[in-house]
Amino acid sequence: MTYYARLYMIPSGNAATEKSKLQEIVMDMRPSDAVSVAIRVGAPLYVDKDVAKQMGRPASGPEPLPSNESHAQIVRSCREEAAKFVDPTTLYSLQLALAVAEERFADAAKLQGVIAEGYAQHPGARALVAMQAALQDGRFEEAARHRDELRRVRLIEFQASAVGLDPWEQRNQRRTETDAL
């Protein structure tokens, strides 16, 4: 079964008063990308009730903590790991800001796609988003697993860079496509 998501964006604050210029924007995207964006900006998520009934799982009780880590230790170590994360989309985010400032909206749209794909494709970014969501929801055991995955990804990247390799070859292909923007 294939699912898709819609991202609705509307102006807020001062921008909302200029409704003649700004309208609601609707974007179709993969559910994983929509969830990632919603988590990052703190937006609510809505799921069709038929999809939720069909694919939803009943909530289980709290997961047991590993015997050697407390909630506080997990939170602290997750925050430390998040601080070490090097965002693979930083350059694209800067290019996006420049494209918007220069009113090159076609380029900006392409860059938005590259950024969303960068988070969806990069194992460290996926682990970071999942870790932060688990922490926010109080799922500490799950957050610890994502933290460990983030550490593993960082180790792989470090080892690969020591011998001049890029472990995420697809990332290089996306860079080549957008460097011309």
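Under the numbering used here, the letters of the sequence shown match residues 268 to 448, in that order.
Every residue gets a Cβ at the ideal spot worked out from N, C-alpha and C, and that includes glycine.
Rounded to a whole number of angstroms, what is the C-alpha to C-alpha distance between Ala401 and Ala375?
Rounded to whole angstroms, Ala401 to Ala375 spans 31 Å at the Cα level.
Measure the CB-CB distance between Leu417 and Gly391 and report whether it falls below 8 Å.
Yes.
Taking the alpha-carbon of Ala305 as reference, which of Lys316, Tyr275, Phe372 and Gln388 has the nearest alpha-carbon?
Of the listed residues, the one whose Cα sits closest to Ala305 is Tyr275.
Limits of the beta strand (DSSP E) - the one that Ile292 falls within
Run containing Ile292: Ile292 to Met296, per the beta strand (DSSP E) assignment.
Using a 10 Å radius around the Cβ and a threshold of 16 neighbouring Cβ atoms, would you call Tyr386 buried or exposed?
Counting C-beta atoms within 10 angstroms of its own C-beta, Tyr386 has 16 or more neighbours from the protein chains shown and is therefore classed as buried.
Any idea if Phe407 is buried or exposed, counting beta-carbon neighbours within 10 angstroms, 16 or more meaning buried?
Phe407 counts as buried, since no fewer than 16 other beta carbons sit within 10 angstroms of its beta carbon.
Proximity below 8 Å, CB of His413 to CB of Ala394
Result yes, Cβ atoms of His413 and Ala394 sit closer than 8 Å.
Helix, strand or coil at Arg412 according to DSSP, with G and I counted as helix
DSSP places Arg412 in the helix class (H, G or I) of the three-state scheme.
Leu363: which of Phe352, Gln399, Asp354 and Lys377 sits nearest, CA to CA?
Leu363 has its Cα closest to that of Lys377, out of Phe352, Gln399, Asp354 and Lys377.
Test item: CB-CB of Tyr270 and Pro298 under 8 Å:
Note that the C-beta distance between Tyr270 and Pro298 is below 8 Å.
On a Cα-Cα basis, can you pick out the residue from Arg419, Phe425, Val353 and Val396 that is closest to Val308?
Residue Val396 holds the alpha-carbon nearest to the alpha-carbon of Val308 among Arg419, Phe425, Val353 and Val396.
Who does Arg273 pair with in a DSSP beta bridge?
DSSP, once it has assigned bridges, lists Asp295 as partnering Arg273.
With C-beta atoms as the reference, is Asp300 less than 8 Å away from Arg273?
Taking C-beta atoms as the reference points, Asp300 and Arg273 fail to come closer than 8 Å.
Ala366, buried or exposed, once every other Cβ within 10 Å from all chains shown has been counted against 16:
Ala366 should be labelled buried.
Do Gln399 and Ala349 have their CB atoms nearer than 8 Å?
If you check the CB distance, Gln399 and Ala349 come in under 8 Å.
With respect to the alpha helix (DSSP H) encompassing Thr356, which residues constitute its N-terminal and C-terminal limits?
Careful: Thr356 lies outside any alpha helix (DSSP H) and carries neither H nor E.
Spatial neighbours of Glu291 in its chain, beta-carbon cut-off 8 Å, leaving aside the 5 residues before and after:
The residues are Tyr275, Met276 and Ile277.
First through last residue of the alpha helix (DSSP H) which encompasses Glu384
Start and end: Phe372 to Gln388.
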